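For reference, the structure is listed below as C-alpha cells.
Residue numbers (this note's numbering): 1010 to 1502.
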C-alpha cells in the first residue's frame, strides 16, 4: 500500500498535518486558558482588597468568626466559583469557605501573594490551590489590615474547585468550539490540498517510472510514454528523463553493436573456415595422390604435385600469419615503436619487392617522390607492411598494361601518401566494407582473386594505431586511390 512514492508522501503529509493540528489546538487551548486566567485575575484584582476594607476579619490577632461567616456566605451566593481562605502572615490556613475535608494543604506559599500585592508583576500569577497539593490557580489577595502591622492575608481562589477541564471549557464556550472546528477544518483542507498538489507533482515521476518498467519488459524506447519537459526551466524529473533516454539510447546502441559484432564473428568464422578449408583440402588431395600413385608418376609429375602442394602450404601459412598479425594489432597490448625515417627511401625499397611481379603481370609501377621531404615519425616496420598491402592490392586488381602509382607530397604538418591504380575500381556501395576482414570485392562480397582478404584490414588497423585515417576514392572501371598522412618528425614531442 505504501510502496509508491505518492503513498509515502501522502502518509507523511497526513501525519504531519495531524501533528500540526494537534499542536495548534493544544497551543490554542493553552493560550485561551492563559488569556482567561489573565482577564479573570485582572477583573478580580481588587476583590480581596474591597472585602478587607469593608469587613475586619482579624482583630488583635483574633479571628472575627461572625464577620468571616458573613463574608463567606455573601461571596458564595454572588459567585460560587470562588473560595476564600484566611491566612496567617506565614501563609498558614486559619479558616476557609470550602467544605470540611476538601482542603489538602495546611500552608500556602506567600511568595506569589507578595508579588501580586507589589503591583509590579505581570498577570496572571498562579498561586497554591489549597484543595490540591500540586496544583496552582489564579487568586486575589489582600493584607489584613490594609495598613499597619500585618496580621494575615485574605486569599481568594478565583477558579474554585472545578477549574474547568478542556471538555468542560468546550461544552461551555461556543466560540472555543467554533474555533476548534475551524482548526480541524483548516487542517483537513490543507492536508487535502497538499495531497492534490503531491499528486500533480508526482504524476510525471509516476509516468517516468512506468515507462522505465515498460522498457525493462521489452518495450522500445520510441514507444515509451515519457513525461514531457516543463518548458525552459527543467526540474529533477526532466534531468532523470533525459538521463534515462541517454542511457537507454546507449544501451540500444551497445545491443546493436553486440549483435553486429556477433554477426561479424559468425561471418569471420565462416570466412576463416572457407579460406582454410580450400588450401587444406587441396593440399590433402595432392598428398594423397602422391601416396596412391607414387609408383605410377614420373619424376616430372611428382615434382608438379609437390610444387602445387607447396604453393598451397605457403598460402595457408600466409593466411595464418595474417590472422595472427591482425589479432595482435587489434589487441589492447598493441604498441608502435615510432622513430624518424625517410618515407621516400622506404617506398623505393617496397617497390623493388614487387618489381618481378609487376613485370610478370605487365603492370608499370610509377613513383613520384618529392625532393627534400622531411623525415616522418612512425613505426617503420608497420608502415612498410601498409605499403606492401596497398601495392599488392593494387596489383591484384589492375589488368595487364595498367599502372600503379605511389605519390608522396608534403601537406601541412605531414607527408601524404597516395597509392593509386588503374584497375576495375570499387562500387560506391562496397567502399564502406572493403576494410572488413575477409571481405573481397565481387559477387556476394567475394571473388576468385587471390589473397586472404585481410590486407586492407591490417593496413587500416596499423594506421589507426598511428592516429592516421585512411581514405578511399574510387571510380568503377577507372581505378582506386588510397590516401593516408604521416606526421613530420619535428611535429611530435
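Yeah, the Cβ is synthetic: ideal placement off N, Cα and C, and Gly gets one too.
This one's a predicted model, so the numbers in the text were calculated from it and none came from an experiment.
- According to the DSSP assignment, residue 1121 belongs to the alpha helix (DSSP H) that extends over 1120-1126.
- Looking at the DSSP output, residue 1092 bridges to 1166.
- Per DSSP, the unbroken beta strand (DSSP E) holding residue 1488 starts and ends at 1488-1496.
- Taken in chain order, the whole alpha helix (DSSP H) runs of length 4 or more contained in the segment 1377-1427 are 1389-1405.
- Ranked by how close their Cα comes to the Cα of residue 1019, the residues 1197, 1120, 1157 have 1197 in first place.
- The alpha-carbon separation between residue 1209 and residue 1248 amounts to approximately 18 Å.
- Excluding the 5 residues flanking it on each side, residue 1142 has same chain C-beta neighbours closer than 8 Å at 1113, 1114, in chain order.
- Here residue 1082 is exposed: its Cβ has fewer than 16 other Cβ atoms, across all protein chains shown, within 10 Å.
- Excluding its 5 nearest sequence neighbours in each direction, residue 1416 has C-beta neighbours in its own chain below 6 Å: 1377, 1427, listed in chain order.
- In this structure, 1368 is the residue among 1368, 1423, 1419 with its C-alpha nearest to the C-alpha of residue 1413.
- Per the DSSP secondary-structure output, residue 1444 pairs with nothing in a beta bridge.
- Judged by beta-carbon spacing, residue 1490 lies within the 7 Å limit of residue 1429, meaning their Cβ atoms are closer than that value.
- Sequence-distant partners of residue 1130 (beyond 5 residues in either direction) whose C-beta falls short of 8 Å from its own C-beta, in its chain, are 1124.
- Residue 1256 and residue 1207 have their C-alpha atoms roughly 28 Å apart.
- CA-CA distance, residue 1437 to residue 1483, rounds to 8 Å.
- Taking C-beta separations shorter than 8 Å and ignoring five residues to either side along the sequence, the partners of residue 1370 in its chain run 1404, 1407, 1409, following chain order.
- Counting the other CB atoms within 10 Å of its CB gives residue 1138 a total of 16 or more, which places it among the buried residues.
- One alpha carbon belongs to residue 1091, the other to residue 1158, and they sit about 27 Å apart.
- Taking every protein chain shown into account, the CB of residue 1470 has 16 or more other CB atoms within 10 angstroms, so this residue is buried.
- Take residue 1204, set aside five residues on each side of it, and the residues of its chain with a beta-carbon closer than 7 Å to its own are 1019, 1022, in chain order.
- Of the residues 1304, 1261, 1440, the one whose Cα lies closest to the Cα of residue 1488 is 1440.
- Beta-bridge partners assigned by DSSP to residue 1145: 1137.
- By the neighbour-count criterion, in which 16 or more other beta carbons inside 10 Å mark a residue as buried, residue 1046 falls on the buried side.
- The closest CA to that of residue 1465, considering only 1476, 1401, 1411, is found on 1401.
- When C-beta atoms of the segment 1050-1063 are compared with those of the segment 1221-1240, fewer than three pairs fall below 8 Å, so the two segments do not count as touching.
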